[in-house]
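First the structure, in the form of structure tokens, and then the observations on it.
Residue numbers (full-length UniProt numbering): 1 to 564.
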């Protein structure tokens, strides 16, 4: 060990939850060290290709297939264009950072300050009380130790700061929040809403609730409707750690950020049973060092967090911190699904302006408040989708013309296409787990992670039903040539990684308590996706942020009272 430094609190990870932990801790008066395994990245300056047009891009903006296959075999397969030539420097190098797959699994990881807050889809939804009650009701997984009422004020706290645009809908199981003006639907999306809601009274079509600003907010500029958010946004028009929470924490003068810091383990004092500090490997020099603090927030993203906990072995925690009954690393969950596409005629005289940074959403309508008589699966799903016109990238491939005729054809808007993609719950199962492999990462001498995760029969049946319902809704809206395709069919693809250090009442069945404290280690908090006890049917990041703000409020009160 070459260095030891004392802080009030240490935050491990700089993404969505780490940024929130740093902001809340520093604003409440604590001196904070943030440890990030990735490289430094500056807001605005680090977005090197934010304004680069494709014709000036490497390889003319086309995939660099040999490079991607060699260095980014997993990351380059990410859906929805989140990985590209424009932001390749955000993502981890797969060749240098391998992991073991007992069953096929996609682990998508960034490797820069700000983490996946730079690349997330920004969909921001509250969970309803039914989501927190689901495990207790049907017996799958352990009971959540909190309910919606516990998080409701923290959802509001987070929404008011980050800025979420959306439309209230008044649905009990899909709670409304504090919203900026909603983005507009396209003409066809408005028609889908009207036609679907007219046929099914239990279904609602709404605009996606998204952390993109529709008006200036908290010193950040409004969305420019470019829809290239994954490159970074100099306007600060979407929420990220770099544009929002970290600047707020830095403004206090109480935040120290250390990048290129790979956490090896968290130490626990055997006399007090409290976490005493964090051991780190410098990614550039290979030197090992230690940092001390009275409070530690572990926010390294689900699998990074689990790796740190599993690696933190001692006499008191021989199988990793919080692994009281072999629960740590188990009950991994995310979202699975299927997608449906169809062409809809009759709107050829309508178009829209710009590239909106969200779509539409159909909240869960299956097994709400009980089991539907015709459902052969447990839990439910919701849909996200949209309706837009084909542009030149599709029409050019389909035209038989060339020269002036081709230019004329591709300059005109193409056909209208609508799609719905399901986000289905995965049931918590003990056999879906991550462990430490015997294989080592050459750069740091730390173990690789080994994933043994698969979807089960319930997920298969749910996806079949979701496909049928999506097809029915599109056809009812007038769609022709409807096609179903697999979507999020492989664990990890959705990047909604959850579980492994779940919250619960009983230390024998969970890793964390109702305040996100590790059972038996009261000054160690985990507030990222690892804390989740079930997956719900909507994007989970807003819930992570609310959990983090709530846990910090509790931790600081305990800290100031001398109990941590």
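We put the CB at the ideal spot given by N, CA and C, even for glycine.
N-terminal and C-terminal residue of the alpha helix (DSSP H) that residue 543 is part of: 541-560
Which residue spans inside the region 95-156 form an unbroken beta strand (DSSP E) run of at least 3? none
Among the candidates 54, 58, 63 and 254, whose CA atom is the shortest distance from the CA of residue 23? 254
Write down the C-beta distance between residue 541 and residue 333 rounded to the nearest angstrom, noting that I regard them as a contact closer than 8 angstroms. Not really, about 15 angstroms apart at Cβ, beyond 8 angstroms.
Looking at the unbroken beta strand (DSSP E) that takes in residue 303, where does it start and where does it end? Here residue 303 belongs to no beta strand (DSSP E); instead the alpha helix (DSSP H) covers 302-311.
From residue 351 to residue 309, what distance separates their C-alpha atoms? Using only the alpha carbons, I get a separation of about 52 angstroms.
Segment limits, beta strand (DSSP E) that includes residue 264: 261-269
Can at least three beta-carbon pairs, one atom from the region 313-320 and one from the region 356-372, be found at a separation below 8 angstroms? no
Under a three-way DSSP split, which group does residue 476 fall into? helix
Which runs of the alpha helix (DSSP H) spanning at least 4 residues fall entirely within the region 198-228, listed in chain order? The DSSP assignment places no complete alpha helix (DSSP H) segment of no fewer than 4 residues inside the region 198-228.
Residue closest to residue 522, alpha-carbon to alpha-carbon, out of 546, 297 and 347: 297
Residue closest to residue 469, alpha-carbon to alpha-carbon, out of 260, 199 and 223: 199
Starting from residue 33, follow the beta strand (DSSP E) in both directions and report where the run begins and ends. 32-35
Identify every residue that forms a DSSP beta bridge with residue 382. 423
Within the chosen definition, does the region 493-500 reach the region 267-274 through at least 3 CB pairs nearer than 8 angstroms? no
Rounded C-alpha distance that separates residue 353 from residue 187: Roughly 11 angstroms between the two C-alpha positions.
Using only CA atoms, which one of 475, 518 and 21 lies nearest to residue 245? 21
Consult DSSP for residue 287 and reduce its assignment to one of helix, strand or coil. Correct three-state label for residue 287: coil.
Spatial neighbours of residue 82 in its chain, beta-carbon cut-off 7 angstroms, leaving aside the 5 residues before and after: Excluding residues within five positions, the ones whose Cβ falls inside 7 angstroms are 119 and 230.
For my contact list, residue 484 and residue 340 are in at a C-beta cut-off of 8 angstroms; report their separation, rounded to the angstrom. 5 angstroms
What separation, rounded to the nearest whole angstrom, lies between the Cα atoms of residue 10 and residue 348? 56 angstroms
With a threshold of 6 angstroms on Cβ separation, who are the neighbours of residue 189 within its own chain once the five nearest residues in sequence on each side are excluded? Cβ-Cβ distances below 6 angstroms link residue 189 to 360 and 387 in the same chain, with the five nearest sequence neighbours on each side left out; the list follows chain order.
Specify whether the region 124-135 and the region 99-111 touch according to this definition: at least 3 beta carbon pairs, one from each stretch, less than 8 angstroms apart. no
Three-state secondary structure (DSSP) at residue 363? coil
Can you pull the DSSP bridge partners for residue 238? 212
Rounded to whole angstroms, what is the Cα-Cα separation between residue 287 and residue 550? 35 angstroms
Using the beta-carbon count (16 or more within 10 Å), is residue 305 buried or exposed? By the neighbour-count definition (other C-beta atoms within 10 Å, threshold 16), residue 305 is a buried residue.
Where residue 91 and residue 75 are concerned, what is the direct C-alpha to C-alpha distance, given to the nearest angstrom? Approximately 7 angstroms between the Cα atoms of the pair.
If you measure between the beta carbons of residue 421 and residue 389, is that distance less than 9 angstroms? no
Excluding the 5 residues flanking residue 368 on each side, which residues of the same chain have their C-beta closer than 6 angstroms to its C-beta? 173
Which residues bound the beta strand (DSSP E) around residue 522? 521-526
How about residue 432 and residue 330: are their beta carbons less than 9 angstroms apart? yes
Rounding to the nearest angstrom, what Cα-Cα distance links residue 25 and residue 143 in this structure? 29 angstroms
For residue 92, does the three-state DSSP call read helix, strand or coil? coil
Considering only C-alpha positions, which residue in the set 538, 295 and 323 is nearest to residue 558? Comparing alpha-carbon positions, the option among 538, 295 and 323 lying closest to residue 558 turns out to be 295.
Can you give me the C-alpha to C-alpha distance between residue 208 and residue 480, rounded to a whole angstrom? 24 angstroms
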